[in-house]
Amino acid sequence: MILCGLYARLVYLSRASLVRVADGAECAGLLRAAGVSAQDVAQVREDREFASLRGAFPQAPTAVRCLVGRRERRHGVKGASTRLWSASLPPGTLCRVEEGPGAGHHVVSPELHLMIRAAELPRWELALLAMEFWGRFDSREDAEGGIAGRPYPLASPESVEEVAGAVEGRVPGISSVRLALAHGLPRSRSPRESALALFLSLPRRFGGMGLGPLELNGPVGLSARGRKVAGASKAMPDLFFPAASLDVEYDSSAHHLGADEVLRDKGRQLALQASGIEVMPVTASVAGDYGSLVAAAEAVAAKVEGREPPPLPEAMERRRRRLYDELFRVRTLW
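Counting from 1 along the sequence shown, just add 3 to a position and that's the residue number in this note's numbering.
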């Protein structure tokens, strides 16, 4: 059985031991043979670790979703659903679960999970999910603040691009994958940070502010004074516009990882300011109100572009509002 959908996401969340199937022919053979049995479904549904992890995504469908490669394998099993994959599977897109929940089965790789979800999510929700996979956090409703830190990214833009370029055959939603690759950014630390980065950087034709270049949580060298403040030679601004020496900081007290991180953020911001980098905070209350966020984004645009942005035509304003609603709507992506 090849797990996909919610249960693949739960496997990633568990930090289970995964081994990628490196041989493309073996991946193809596993897909051809893949099916669903009542015994396997019962084993997964009764697994205690899976049961405890399901609280992370209470709104997600509870059926055990499995990947199959042949239409005749899509027979119904109570408590399960299937996803037919008719395109090729590049090497590494299936993983063996060695230990942890799902042990003994296979699971789609994070890159393949994104490509499957591309047919099911609106395009900018897919970009948000991709940025989560490329970042250092997991969305989960059972965690304080709705997120938990992750020690490593699940995937990277490069690994997703490699898989997308190697797949042969029809992949529904592949255009959304390409948009995520073109406009998503790695190293995000929270869903709202991802949303703010997209709102500021997406081209105007999509409703964004069209500002850039933008770097997300990348290292920046500090001045001598900044090094004294930080006790380090570098710091990582949240959303950094290098051409304008501007750091847009999302309010970590609401959506990052606790009091200790809030204190670290304050010290980091002081070090950046001591190095001549302007710090502009965006609070949760500002991000939660469309008019307030647009006003803040226009202030950022004035700094980055050196002039006030012109008024938007009515059609463009509607497009911007739709983008805001899609990016900042509160939900947990799986």
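Each residue gets a CB set at the ideal place from its N, CA and C atoms; glycine is no exception. This structure is a prediction, so every number in the text was calculated from the model and none was measured.
Task: residue 131 beta carbon near the ligand MG (any heavy atom closer than 7 Å) - done: With respect to the ligand MG, the structure offers nothing, as it holds no ligand at all.
Open item on the list: Tell me whether the stretch 17-36 and the stretch 92-112 touch, counting them as touching only if at least three CB pairs, one residue from each stretch, are closer than 8 Å.
Closed with: yes
Open item on the list: For residue 121, which residues in the same chain have their Cβ closer than 6 Å to its Cβ, ignoring the five residues on either side in sequence?
Closed with: 129, 176, 179, 180
Open item on the list: Suppose contacts are defined by Cβ-Cβ distances below 8 Å. Is residue 135 in contact with residue 197 by that definition?
Closed with: yes
Task: Ranges of the beta strand (DSSP E) found wholly within the stretch 110-151, counting only runs of at least 3 - done: 140-142
- [ ] Measure how close the beta-carbons of residue 137 and residue 159 come, nearest whole angstrom, since I'm counting them as under 8 Å.
- [x] 6 Å
TODO: Measure the alpha-carbon distance for residue 322 versus residue 104 and round it to whole angstroms.
DONE: 43 Å
Open item on the list: Which runs of the alpha helix (DSSP H) at least 4 residues long sit entirely within the stretch 199-283? Give them in chain order.
Closed with: 227-233, 255-258, 262-277
Task: C-alpha distance - residue 295 paired with residue 204, whole-angstrom precision - done: 17 Å
Open item on the list: Taking the beta carbon of residue 191 as the centre, do at least 16 other beta carbons fall within 10 Å, making it buried, or is it exposed?
Closed with: buried
Task: Unbroken alpha helix (DSSP H) run spanning residue 83, endpoints - done: Where residue 83 is concerned, there is no enclosing alpha helix (DSSP H), although the beta strand (DSSP E) it sits in stretches over 83-87.
- [ ] Report yes if the CB atom of residue 67 is closer than 8 Å to the CB atom of residue 86, and no otherwise.
- [x] no
Task: Backbone CA spacing between residue 195 and residue 301 [nearest angstrom] - done: 18 Å
Task: Segment contact, 8 Å Cβ cut-off, at least three pairs: the stretch 215-227 with the stretch 155-169 - done: no
- [ ] Would you list the residues sitting across from residue 97 in a DSSP beta bridge?
- [x] 111
Task: Neighbourhood of residue 326 by C-beta distance below 6 Å, restricted to the same chain and skipping five residues each side - done: 210
Open item on the list: Applying the 10 Å Cβ sphere with the 16-neighbour rule, what's the burial state of residue 259?
Closed with: Low per-residue confidence applies at residue 259: pLDDT is 47, beneath 50, and the placement is therefore not dependable, though the value from the model is reported in the following sentence. Burial call: buried.
Task: Under 8 Å between C-beta atoms of residue 200 and residue 238 - done: no
TODO: May I ask you to verify whether the stretch 26-46 touches the stretch 74-90, counting CB pairs closer than 8 Å and requiring at least 3?
DONE: yes
- [ ] Specify, as a first and last residue, the run of the alpha helix (DSSP H) that residue 67 falls within.
- [x] Element bounds for residue 67: not the alpha helix (DSSP H) but the beta strand (DSSP E), 67-71.
- [ ] Note the first and the last residue of the continuous beta strand (DSSP E) segment covering residue 22.
- [x] 20-23
TODO: Give a yes or no on whether the C-beta atoms belonging to residue 246 and residue 145 are separated by under 8 Å.
DONE: no
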